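Residue numbers (the numbering used here): 15 to 218. Ideal Cβ positions, reconstructed from N, Cα and C, are used throughout, including at glycine. Bear in mind that the values here come from a model prediction, so they are computed numbers and not experimental data.
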């Protein structure tokens with residue numbers, strides 16, 4: 015297909031002739047080829063169809079996860095410990111400084127549950143020295159912190175130190191306030207042996 019049109023000549027002022035059609039002087043006919051309009055088919059991609067059919071019944075199968083949910087309640091255990099812990103503990107303390115061992119007796123006068131902690135108050139006799147103590151027991155980790163409050167302790171126990179146990183009262187160590195003091199070991203049990211007096215023999 016070919017498209018043709020008139021081309022005007024410029025006038026004396028250099029302006030394209032054609033502003034006024036009556037002054038237009040035909041000079042030539044310009045023709046330009048115009049590409050024919052063709053209907054080109056557009057390719058449309060068909061949707062992908064899986065060879066496997068979808069089973070809607072699989073949606074009803076519950077998801078099973080391996081493992082177990084923790085059912086331990088440290089708050090409830092703290093309340094139980096406050097009610098069932100022995101009030102009397104006996105044992106000994108061995109110093110790592112002097113290697114000396116002295117008898118220890120702990121009397122708990124108050125046990126109060128506070129969340130997962132048990133608040134402790136009591137009296138402790140270490141050798142010949144008695145001191146009030148306070149501390150707490152973690153019902154979840156069994157960690158014990160026990161602080162002697164007396165200003166007069168034995169030579170191996172310094173003011174500002176504390177007893178730290180990882181298995182409640184059964185095994186604890188002395189944590190001194192200074193690194194030069196290696197501390198010691200505290201062994202306690204929830205039963206104190208009662209010394210039995212010798213039987214009185216009759217004189218006749």
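To the nearest angstrom, report how far apart residue 196 and residue 181 are at their CA atoms. Within the chain shown, numbered from 1, the residue matching residue 196 stands at position 182. Within the chain shown, numbered from 1, the residue matching residue 181 stands at position 167. So the two alpha carbons sit approximately 20 Å from each other.
With distances taken from CA atoms, which of 176, 169 and 201 is nearest residue 219? Summary: the structure shown does not reach residue 219, with the chain confined to residues 15 through 218, and so no result is reported for it.
For residue 91, which residues from the same chain have a beta carbon less than 7 Å from its beta carbon, with the 5 sequence-adjacent residues on both sides left out? Position 77 of the chain shown holds residue 91. Counting only Cβ-Cβ distances below 7 Å, and skipping sequence neighbours, we find 153.
For residue 201, report the span of its beta strand (DSSP E) as first-last. Position 187 of the chain shown, counting from 1, holds the residue named residue 201. Where residue 201 is concerned, the enclosing beta strand (DSSP E) stretches over 198-203.
Could you tell me the boundaries of the beta strand (DSSP E) in which residue 219 lies? This structure cannot settle anything about residue 219, because the visible part of the chain is limited to 15 through 218.
Tell me the residue span of the alpha helix (DSSP H) that contains residue 91. Here residue 91 is taken as the residue at index 77 of the chain shown, counted from 1. 88-98 is the span of the alpha helix (DSSP H), which, as asked, contains residue 91.
First through last residue of the beta strand (DSSP E) which encompasses residue 183: Walking along the chain shown from the start, residue 183 turns up at place 169. Counting along the chain, residue 183 falls outside any beta strand (DSSP E), and DSSP gives it neither H nor E.
Beta strand (DSSP E) runs wholly inside the region 102-183, at least 3 long, in chain order: 102-109, 115-128, 131-140, 143-152, 158-162 and 176-179
Within this structure, are the beta carbons of residue 131 and residue 150 separated by less than 8 Å? Against the chain shown, residue 131 aligns to sequence position 117. Against the chain shown, residue 150 aligns to sequence position 136. The answer is yes: Cβ separation under 8 Å.
Among residues of its own chain, excluding the 5 on either side of residue 138, which ones have a beta-carbon nearer than 6 Å to its beta-carbon? Along the chain shown, one-based indexing puts residue 138 at 124. Non-local beta-carbon contacts of residue 138 in its own chain, meaning distances under 6 Å to residues more than five positions away in sequence, involve 120, 145 and 147 in chain order.
Residue 108 and residue 187 closer than 8 Å at C-beta: In the chain shown, residue 108 corresponds to position 94, counting from 1. In the chain shown, residue 187 corresponds to position 173, counting from 1. No, Cβ-Cβ distance for residue 108 and residue 187 is not below 8 Å.
Which residues in the same chain have their Cβ closer than 7 Å to the Cβ of residue 161, if we skip the five residues on either side of it in sequence? Along the chain shown, read from residue 1 onward, the residue named residue 161 stands at position 147. Excluding residues within five positions, the ones whose Cβ falls inside 7 Å are 147, 148, 149 and 176.
Is the separation between the beta-carbon of residue 193 and that of residue 178 shorter than 8 Å? In the chain shown, residue 193 corresponds to position 179, counting from 1. In the chain shown, residue 178 corresponds to position 164, counting from 1. Cβ distance not < 8 Å, so residue 193 and residue 178 don't count as in contact.
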